[in-house]
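Numbered as in our numbering, the sequence shown ends at 528 without a single skipped number.
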Amino acid sequence: MEKELIKYLENNLIIFDNAINEEEIDAVHYDKHHIFYSVLIYLASKYGNENLIDYIYFYNQYEKLLNQSRENNLNIGIYYINKIKNLHKNYEYKSDLVKNGLDSLYHPAIAYYYYFVTKEYNLAEYYILESLKNIDFLISNGFKDGIFMKIEQWLNTFRVYYNMGNEDKAMFYSTEVLSYILGEDNSLFQIPFREVQQYESQLTQILDLFFNGVIFKVLSTSSGKAFFNNIFLLQILENLKNRDYNKNLSIHNSINIMYLILTNNKSAVSEILNTNIFTQEIPKSIRYFILKFLIKELNFDLLEEKIKDQIIQYEKNELLLKKEYITENSCCKAS
Numbered sequence: 194m195e196k197e198l199i200k201y202l203e204n205n206l207i208i209f210d211n212a213i214n215e216e217e218i219d220a221v222h223y224d225k226h227h228i229f230y231s232v233l234i235y236l237a238s239k240y241g242n243e244n245l246i247d248y249i250y251f252y253n254q255y256e257k258l259l260n261q262s263r264e265n266n267l268n269i270g271i272y273y274i275n276k277i278k279n280l281h282k283n284y285e286y287k288s289d290l291v292k293n294g295l296d297s298l299y300h301p302a303i304a305y306y307y308y309f310v311t312k313e314y315n316l317a318e319y320y321i322l323e324s325l326k327n328i329d330f331l332i333s334n335g336f337k338d339g340i341f342m343k344i345e346q347w348l349n350t351f352r353v354y355y356n357m358g359n360e361d362k363a364m365f366y367s368t369e370v371l372s373y374i375l376g377e378d379n380s381l382f383q384i385p386f387r388e389v390q391q392y393e394s395q396l397t398q399i400l401d402l403f404f405n406g407v408i409f410k411v412l413s414t415s416s417g418k419a420f421f422n423n424i425f426l427l428q429i430l431e432n433l434k435n436r437d438y439n440k441n442l443s444i445h446n447s448i449n450i451m452y453l454i455l456t457n458n459k460s461a462v463s464e465i466l467n468t469n470i471f472t473q474e475i476p477k478s479i480r481y482f483i484l485k486f487l488i489k490e491l492n493f494d495l496l497e498e499k500i501k502d503q504i505i506q507y508e509k510n511e512l513l514l515k516k517e518y519i520t521e522n523s524c525c526k527a528s
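Listed below in C-alpha cells is the structure:
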C-alpha cells in the first residue's frame, strides 16, 4: 500500500499556474470592491447618479477603517468608526433602500474591527447580524447580488460564533451556508444559488473560499492526534451528509473521504487511491487535510527526499500555505 500511495502522490501533486493565495482564502472579509460597485449601480438604477459622489466618499471611509483594522491599529480604527457613525447620523438618505445599501457595507467593516482588533466578539456579532438585516432588505427589493454578500456574512458570522465558543450557532451558520452553496434549495436564502451564479468556474471559486474559511478556521485550533479527530469538523460533515445538496458535484467524493478519515474508517486510503483529490475543483483546505492524512500514513521522515520535496513544493506553491502549515514545520506531519 505504501508504494501505491507514493505513486499516487507522485502522479497527482501537480502545481497549477493560477493558484489563489491562502492569505486570501482565510481573510475574514471578502473583496468588497466589486460588491460596492454592484450596490452603487443598483442604487443608481433606482435614483440616478445625483448622490454617487457621496456614496463613494462613504465607501472610502469604510475601506480606511478596514485597512487600519488589518494593520491592528486600535486608536486609528476607533477614529474611523466614530467618523463613519457621525457621517451616517447626519446624512439625509433618499430612502430606506439607500440606507440599507450603505449600511450593508458599513456594518461588516465595523464588525471586522471588533472581531480582529479588539476581540470584542459580542460587538462583532451585533454588527454582523445588523448587516444581514440590511442585506435581506436589499434582496427583498430585487438586488440579486445581495446573495453573494449574504453568504459572505454567514461565513463571517460562523467565525465570530466559533471564536466566542458558541459551537451550536457556529455549526448552524457553517452548515447552512455550505449546503446552500452546494446546491440545496434553502428557505433561509431567498434565491437558489444556481440562479445567481454568473459563470461556470464561479462555483468552484466560491466553494474554495467558503470551505477553506470554515475548515482552516476549525483546524487552526487542532494539532497532533486531535487534528484527525476534530469533533466539530466531523459534525459539520455529518450534517452535510444528511442535507439535500447536489451529490453529483466533484467535491462530494472528497467530503466523503474527509468523513472516513475523521471516523477512522479503514477504507479511507483505498477511496483516496480511486479518486484524484488533488485538482483545483477541490477546495485547498480539503486537499490540505487529506494530504496531511497521507503524510501521517506514510511517515514523512522515512520518505525519500524526492517525494518529500514534491510534497513541500505542492504545499508551498499550489496550496500556498502559511509557513507554520508546511509539513517540514508542522506538528501534524507524523502525529
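Here a beta-carbon is modelled for each residue, glycine too, at the ideal position from N, C-alpha and C.
Quiz item: Taking just the CA atoms, how far does LEU491 sit from GLU511?
Solution: Those two C-alpha atoms are separated by around 21 Å.
Exercise. Select from LEU487, ASN457, LEU455, SER478 the residue whose C-alpha is nearest the C-alpha of ILE465.
Key: The residue with the shortest Cα to Cα distance from ILE465 is LEU487.
Quiz item: How big is the Cα-Cα spacing for GLN503 and GLU203?
Solution: The straight-line gap separating the alpha-carbon atoms of GLN503 and GLU203 is approximately 8 Å.
Exercise. Check LYS515 in the structure and name its three-state DSSP category.
Key: In the structure shown, LYS515 adopts coil according to DSSP, grouped into three states.
Quiz item: When you compare only the Cα positions, how much space is there between TYR230 and LEU295?
Solution: About 11 Å.
Quiz prompt | Where ILE450 falls, given that 16 or more other Cβ within 10 Å makes a residue buried | solution = Flag for ILE450 reads buried.
Exercise. Classify ILE342 as buried or exposed, calling it buried when 16 or more other Cβ atoms lie within 10 Å of its own Cβ.
Key: Residue 342 is actually Met in this sequence, not Ile. Answer is buried; the Cβ neighbour count reaches 16.
Quiz item: Regarding LYS343 and the ligand PLP, is the C-beta to nearest heavy atom distance less than 7 Å?
Solution: Although the ligand PLP was asked about, the structure shown includes no ligands whatsoever.
Practice problem: For HIS227, count neighbouring Cβ atoms within 10 angstroms of its own Cβ and tell me buried if that reaches 16, exposed if not. | Solution: By the 10 Å Cβ count, HIS227 comes out exposed.
Quiz item: Who are the near neighbours of TYR314 in its chain, counting only those whose CB is closer than 6 Å to its CB and skipping five residues on each side?
Solution: Around TYR314, the same chain offers VAL353, ASN356, MET357 as residues with beta carbons nearer than 6 Å, after the five sequence neighbours per side are excluded.
Practice problem: Run the CB neighbour count on ARG387, radius 10 Å, all protein chains shown included, and call it buried at 16 or more, exposed below. | Solution: Exposed, because fewer than 16 other Cβ atoms sit within 10 Å of the Cβ of ARG387.
Quiz item: ARG480: which of PHE404, SER413, ILE269 sits nearest, CA to CA?
Solution: Residue PHE404 is the option with its Cα nearest to ARG480.
Quiz item: Taking GLY335 as the reference, which of ASN441, LYS239, GLU517 has the closest Cα?
Solution: That would be LYS239, whose Cα lies nearest to the Cα of GLY335.
Exercise. Spatial neighbours of ILE519 within its chain, please: CB distance less than 8 Å, with the 5 preceding and 5 following residues excluded, ordered by chain position.
Key: ILE505, GLU508, LYS509, listed in sequence order.
Self-check item: Nearest-angstrom Cα separation, counted from SER460 out to SER262
Solution: So the alpha carbons of these two residues sit roughly 46 Å apart.
Quiz prompt | Whole-angstrom distance between PRO301 and ILE321, CA atom to CA atom | solution = Answer to the nearest angstrom: the Cα atoms are 6 Å apart.
Quiz item: Among the residues of its own chain, which have a CB less than 6 Å from the CB of ASP224, if the five just before and after it don't count?
Solution: For ASP224, the pLDDT reaches just 47, beneath the cut-off of 50, and the residue's location in the model is therefore unreliable, leaving the point undetermined.
Quiz item: Who are the Cβ neighbours of TYR327 in its own chain at under 6 Å, not counting the five residues just before and after it?
Solution: Checking the sequence shown, residue 327 turns out to be Asn, not Tyr. The residues are ASN293, ASP296, SER297.
Quiz prompt | Proximal residues to TYR284 (C-beta, below 6 Å), its chain only, five neighbours per side dropped | solution = Once the five neighbours on either side are set aside, TYR284 has no close Cβ partner at all.
Exercise. Would you mind working out which of TYR306, ASN458, PHE209 sits nearest LYS257, comparing C-alpha positions?
Key: For LYS257, the closest alpha carbon among the candidates TYR306, ASN458, PHE209 is that of TYR306.
Quiz prompt | Local Cβ density within 10 Å of SER380, reported as buried at 16 or more and exposed below that | solution = The residue is exposed, with fewer than 16 neighbouring Cβ atoms inside 10 Å.
Exercise. With a 10 Å radius around its C-beta and 16 neighbouring C-beta atoms as the bar for buried, classify ASP338 as buried or exposed.
Key: Here ASP338 is buried: its Cβ has 16 or more other Cβ atoms, across all protein chains shown, within 10 Å.
Self-check item: Per-residue burial, THR350 [other beta carbons within 10 Å of its own, 16 or more giving buried]
Solution: That one is buried.
Quiz item: Between which two residues does the alpha helix (DSSP H) containing SER478 stretch?
Solution: Bounds of the alpha helix (DSSP H) holding SER478 are 477 to 491.
Quiz prompt | Alpha-carbon to alpha-carbon, ASN435 and PHE471 | solution = Cα to Cα, the separation comes out at about 25 Å.
Quiz item: Thinking C-beta only, is PHE382 closer than 8 Å to TYR392?
Solution: No. Outside cutoff.
Practice problem: Measure the CB-CB distance between GLY406 and LEU348 and report whether it falls below 8 Å. | Solution: With contacts defined as CB atoms closer than 8 Å, GLY406 and LEU348 qualify as a contacting pair.
Quiz item: What do you reckon, are the CB atoms on ILE277 and TYR255 nearer than 8 Å?
Solution: Against a cut-off of 8 Å, the Cβ pair of TYR255 and ILE277 comes out as a contact.
Quiz item: From LEU206, GLY376, ASN467, pick the residue whose C-alpha is nearest to that of LEU396; which is it?
Solution: For the residues LEU206, GLY376, ASN467, the minimum Cα distance to LEU396 belongs to GLY376.
Self-check item: Member of VAL291, LEU206, GLU498 whose CA lies at the smallest distance from the CA of TYR252
Solution: Per the Cα distances, VAL291.
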